[in-house]
Structures are given as structure tokens and as C-alpha cells.
Amino acid sequence: MQDDGDGDDNGWDMPSDTLGEILRHLPPLDRRRSRLVCRQWRDAVDSRAPARPGPAKTLVVAHGAGYVFDDVPGGSSREIPSPCPLANIVGTCNGLLCVVGTGAGFTTGGFVLSNPVTGEALHVPLPTRIGAPWRRWEHNEYYSFAHHPTTGLYKIVPFTVDDRWTGSFDAVQVYTLGEAASWRDVPAPAGSSRRKSCGLVSVDGFTYWVAMDTEKVMSLDLKDERITVVITLPAPASEPGRQCRLTEAHGRLAVAAIVTQPTNTKTEVWVLEGGAGGRRWIRRYSVQLHGPDRQMVWPHFAHGDHAMTASTWQYSRSHELLYVHRLSGGKGLQCREARINGKSPGKAVGKYDRRTYRDLRTFAFVETTEPLNVYSGHGCRHIGKEISAG
Numbered sequence: 001m002q003d004d005g006d007g008d009d010n011g012w013d014m015p016s017d018t019l020g021e022i023l024r025h026l027p028p029l030d031r032r033r034s035r036l037v038c039r040q041w042r043d044a045v046d047s048r049a050p051a052r053p054g055p056a057k058t059l060v061v062a063h064g065a066g067y068v069f070d071d072v073p074g075g076s077s078r079e080i081p082s083p084c085p086l087a088n089i090v091g092t093c094n095g096l097l098c099v100v101g102t103g104a105g106f107t108t109g110g111f112v113l114s115n116p117v118t119g120e121a122l123h124v125p126l127p128t129r130i131g132a133p134w135r136r137w138e139h140n141e142y143y144s145f146a147h148h149p150t151t152g153l154y155k156i157v158p159f160t161v162d163d164r165w166t167g168s169f170d171a172v173q174v175y176t177l178g179e180a181a182s183w184r185d186v187p188a189p190a191g192s193s194r195r196k197s198c199g200l201v202s203v204d205g206f207t208y209w210v211a212m213d214t215e216k217v218m219s220l221d222l223k224d225e226r227i228t229v230v231i232t233l234p235a236p237a238s239e240p241g242r243q244c245r246l247t248e249a250h251g252r253l254a255v256a257a258i259v260t261q262p263t264n265t266k267t268e269v270w271v272l273e274g275g276a277g278g279r280r281w282i283r284r285y286s287v288q289l290h291g292p293d294r295q296m297v298w299p300h301f302a303h304g305d306h307a308m309t310a311s312t313w314q315y316s317r318s319h320e321l322l323y324v325h326r327l328s329g330g331k332g333l334q335c336r337e338a339r340i341n342g343k344s345p346g347k348a349v350g351k352y353d354r355r356t357y358r359d360l361r362t363f364a365f366v367e368t369t370e371p372l373n374v375y376s377g378h379g380c381r382h383i384g385k386e387i388s389a390g
């Protein structure tokens, strides 16, 4: 079937419902391309199988379970299914979750990708390095899950280091999900290192970390698989009383500079803006926490017009509360602010049993019907709705 140029379709026809159901099983990038075939395909994609996800929601992961907030300020949430506990969740891309560890049907360890909407799951085995042992760290801060917007490929980046004290490493391993699904070593420049406390983040086709000695932000291009220097941090991470952590804001790389004092904590979030050769840090958020009973949540620290915090371990050891706080300012103002204290405590929107002081994490999340079974035949085998990569 093809378009004759005047908007009418020629050739064979197919009921829109049937066509939409077929196109729904394509990955988002292929769905976007299929819109170009003809008007009927475009309408079927737009109405029944949108290629682009809707507005992001907030996913809260607490003591191994996931809860989606359709409306964060309204406080309405629902638990989502998962084939394995989410305590060691690495991240989420386009509605797919990535978890390190084991789960139902997965007894060999590695990574589990799942889609809570379709109930599908994919097991990715641990990488192996010739001539060097595989160092497996269970904590999610050693990994990143990414999607490249141009190629449409998903990548897992396990960031283990050769020396935990110096943070040094000689290569980064990358797993690409797709036709050539495999682990590869990306050689790192001599003297490469990573400051663990600053974390890892993948944004718009790049994975970022901070070098231990120079405090420069480094990047791995997930398309060309090259490592380069990006820019120096907006505030020194080694300064006493300050912690810097990489995050994402407005689809851009951001750095949260957190200064902790006995009676208050101030968090400033700087967003990297501008193109190559003209990049600079712009301060976009400032949150002042008064008292020891509250802390910011990460990595998704703000949703729409609200910042999000959680009660601290010292304040409540039996349960954890999630709060939202309206940010001042709006369009035209460079920095949005929130001041949290006894007079302005915010609104509690969620309550969760507490098991460890680091249990609660938040993510931007979209719900999608993107299938994982499209990767079967490339080292994957079906186990019901669960899929295992060999």
C-alpha cells in the first residue's frame, strides 16, 4: 500500500483496528518510521499505537516494590507488577525497567528488563572479560540503563572499576540490546577514573560520570562508543560538607550540589545548557530544608511544579513518607525555589514501610506497550511472558 501523493491510499486495505494492533508491536523508532508509509498508517499509529510516550509520571520504588503516581500532588498511586524485586533497580527508559540481580525464573544473576504493562521480561547475562575477572557489584550505583534517541537502541553500562580506592579503570563495558546483542569493551583513556559518590546518569544518548582527580564530567557516546571530557563541575565535589551528584532535569544533564549543615540542607541543581563549544551551567532549582527530618529524593527530584522529599531514617524508622512541595516561580524565572520547614512542611502523598535508610527512590516513568519479544531470535528464548537471553 502506498500514498498517491494527494492523501488517498492505493492498493490493499486493512481494518484500522487490525493495523493498529500490528503496528503496536513495533519498537517506537520503527513506529515513527511507519507513519511515513501513508495516511492510514499515520492515523493508525497516532490513534492506536502512539510512537511517542505520553507525559511522564512518577515511579516510586520502596522496599522492592514499584508504585506509579498518575497525579503526584493528588496522592493517587498504584502498584505495578514486576518479575523480580525492584530494590536494585538501575533505571527506566521508555517504560522499560532495568534491575540488577535475580528474580522469578532468573537464577543465574545478571540484569532483568521488564515492561510492567505487557508483563514481558528479558534476562541479560553477566558480561565476561577475557584475561580479567568480572567484578559484580550488587548496588545500582554501578550501572546505567540508557536509550539512544537516534538509533533507538537500548544499552546497559555496568561501570565496575579496577581499584575501588582510586576509582581507576581501563575500559567500560556496554551491552546493546538488539540484532547484535553482545557485551563489548570500550577502551578508556589512560588514567581514567570515576568518583563513585557523584553517581552515573544517562541522558540523550550519553552516559556521564565524574573523574576522581580532576572533577571533570566525562561522557560515553552510546552511538560511537567514545569517551570524552565534557566540562568541569559547577561546584567542587571534594569540598567538606558538600556532595555533588549527577542527575537529569528537562532532558538535560544536571548536577545537584548538596551542602549539609547541622540544622539545614541546601540543594542547588545546575543544568548544562548550550551546544558544543558554548556549554555552561545554569542554576535552575534551589531547595532549602530546615531541620533533620527531611531529605531530597533521587534521581527524579521534581515533577512539574513540585519538588519531592522523603522523611529521614532518624525521624521515622518504621515507615517512610513521600512529600511534595510547590516550587515558586514559573516561566521567565531562571531558578525555581522551595523552602521547607515547620510552617511549610509540604503535602504527604505516600507512606511506605521502611527497611533500610536508602529504600525510597523516584524515577520519571511512562507507560508503554513496547514489546520485548521483538528481541527474540537474537539470543533470546521465550518462557511464557518472560524472555531469557542465552
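Residue numbers for the sequence shown, in the UniProt record's numbering: 1 to 390.
Here a beta-carbon is modelled for each residue, glycine too, at the ideal position from N, C-alpha and C.
On a predicted model such as this, the values are computed, not experimentally measured, just so you know.
Check                                                                                                   : Outcome
Residue nearest to G178 in terms of C-alpha spacing, selected from I156, V172 and R194                  : I156
Selection from A121, S144 and P149 that minimises the alpha carbon distance to T247                     : S144
Under the three-state DSSP convention, the category Q40 falls into                                      : helix
Rounded C-alpha distance that separates M14 from S182                                                   : 38 angstroms
Per DSSP, cross-strand counterpart(s) of L96                                                            : C93
Beta-carbon proximity list for V349, same chain, < 8 angstroms, skipping 5 on both sides                : F69, V72, P73, G74, G75, S77, L322, Y323 and V324
Candidates L327, L253 and I258, of which the one nearest G274 by Cα                                     : L253
Contacting residues, own chain, Cβ-Cβ under 6 angstroms from A132 (five flanking each side not counted) : Bear in mind that a pLDDT of 48 at A132, under 50, signals an unreliable position, so the number given afterwards is only what the model happens to contain. Once the five neighbours on either side are set aside, A132 has no close Cβ partner at all.
For C244 and S197, the rounded distance between their alpha carbons                                     : 7 angstroms
Beta-carbon gap between residue 413 and S311 smaller than 7 angstroms                                   : A query on residue 413 cannot be resolved here, the shown segment of the chain reaching from 1 to 390 and no further.
Environment of K57 [buried if 16+ CB atoms lie within 10 Å]                                             : buried
Residue from V186, A121 and G95 with nearest C-alpha to D224                                            : V186
Beta-carbon gap between V287 and G95 smaller than 7 angstroms                                           : no
Proximity winner among P299, R279 and L289, relative to C266 (alpha-carbon distances)                   : Correcting the residue type first, residue 266 is Lys in the shown sequence and not Cys. Selected option, being the one with the closest Cα: L289.
Three-state secondary structure assigned by DSSP to S192                                                : coil
N-terminal and C-terminal residue of the beta strand (DSSP E) that H306 is part of                      : H306 to S311
Check whether A249 and E215 have beta carbons under 7 angstroms apart                                   : no
Unbroken beta strand (DSSP E) run spanning C244, endpoints                                              : R242 to A249
R252 - partner residues in DSSP beta bridges                                                            : A249
For S168, the nearest candidate out of K343, I340, Y175 and S193 (CA to CA)                             : S193
Strand pairing of P299, partner residues [DSSP]                                                         : T362
V255 to D17 span [Cα, whole Å]                                                                          : 45 angstroms
Buried or exposed by the 16-neighbour rule on C-beta atoms within 10 Å, applied to S202                 : buried
Inter-residue spacing [alpha-carbon to alpha-carbon] between L19 and V374                               : 17 angstroms
E367, enclosing beta strand (DSSP E) - first and last residue                                           : Note, E367: premise wrong, no beta strand (DSSP E); not H, not E.
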